[in-house]
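Residue 108 in UniProt numbering sits at position 108 of the sequence shown; the count goes up by one each step and never skips.
C-beta atoms are modelled at their ideal positions from N, C-alpha and C, and glycine is treated no differently.
This report refers to the structure that appears directly beneath it.
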Amino acid sequence: MESPLNNMGADGMRSSADGKTPQEVIDASRIDFGVAVTGYLHQAEMEGLSLVGRIYFDDKDRFRNGRLIRTSDVSEFRERHGLLLAVTLTRSVYVLICPDSILSGLSKGNENAHRANC
Numbered sequence: 001m002e003s004p005l006n007n008m009g010a011d012g013m014r015s016s017a018d019g020k021t022p023q024e025v026i027d028a029s030r031i032d033f034g035v036a037v038t039g040y041l042h043q044a045e046m047e048g049l050s051l052v053g054r055i056y057f058d059d060k061d062r063f064r065n066g067r068l069i070r071t072s073d074v075s076e077f078r079e080r081h082g083l084l085l086a087v088t089l090t091r092s093v094y095v096l097i098c099p100d101s102i103l104s105g106l107s108k109g110n111e112n113a114h115r116a117n118c
């Protein structure tokens, strides 16, 4: 299991421990969303009421970077800094990076939405 410091660079900013973390995930991890972020889900897709995607920077140290996970059921979506946040019934908050087209459509009304090269 990774220690919480594995994802922190010398400057205190998050960095990739394995060198394979997508750059858009690293960039998003440096944003202050104003809420405690549980993790960053890359290429998340809805499956039923939950999300499936690759987790990065899991704050509870349950999963290594890049592992495919399924979240608890999602209770709401929020948009912050042009990115979509998913809040689950268990109060976890995931930042969605390069979500599938259905989820991307939830933030289309925002002209300032983050447009990562996914």
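- The Cβ neighbour count for Asp-61, taken over all protein chains shown within 10 Å, is under 16; the residue is labelled exposed.
- About 6 Å separates the CB atoms of Tyr-94 and Gly-39; that is less than 8 Å, so the two are in contact.
- Inclusion of Pro-99 and Ala-44 in the CB contact set at 9 Å is warranted, their separation being smaller than that value.
- By a beta-carbon distance limit of 8 Å, Met-46 contacts Leu-103. Their separation comes to about 6 Å.
- Rounded to the nearest angstrom, the gap between the Cα atoms of Leu-51 and Ser-75 is 11 Å.
- When Thr-71, Ser-72 and Arg-54 are compared, the shortest CA-CA separation from Arg-64 is found for Arg-54.
- Counting along the chain, Ser-101 sits inside the alpha helix (DSSP H) bounded by residues 101-104.
- Scanning its chain for C-beta atoms nearer than 7 Å, with the 5 sequence neighbours on each side dropped, one finds around Lys-20 the residues Gly-66, in chain order.
- His-42 has Arg-54 and Ile-97 as its beta-bridge partners, per DSSP.
- Within the DSSP secondary-structure output, Thr-21 pairs in no beta bridge.
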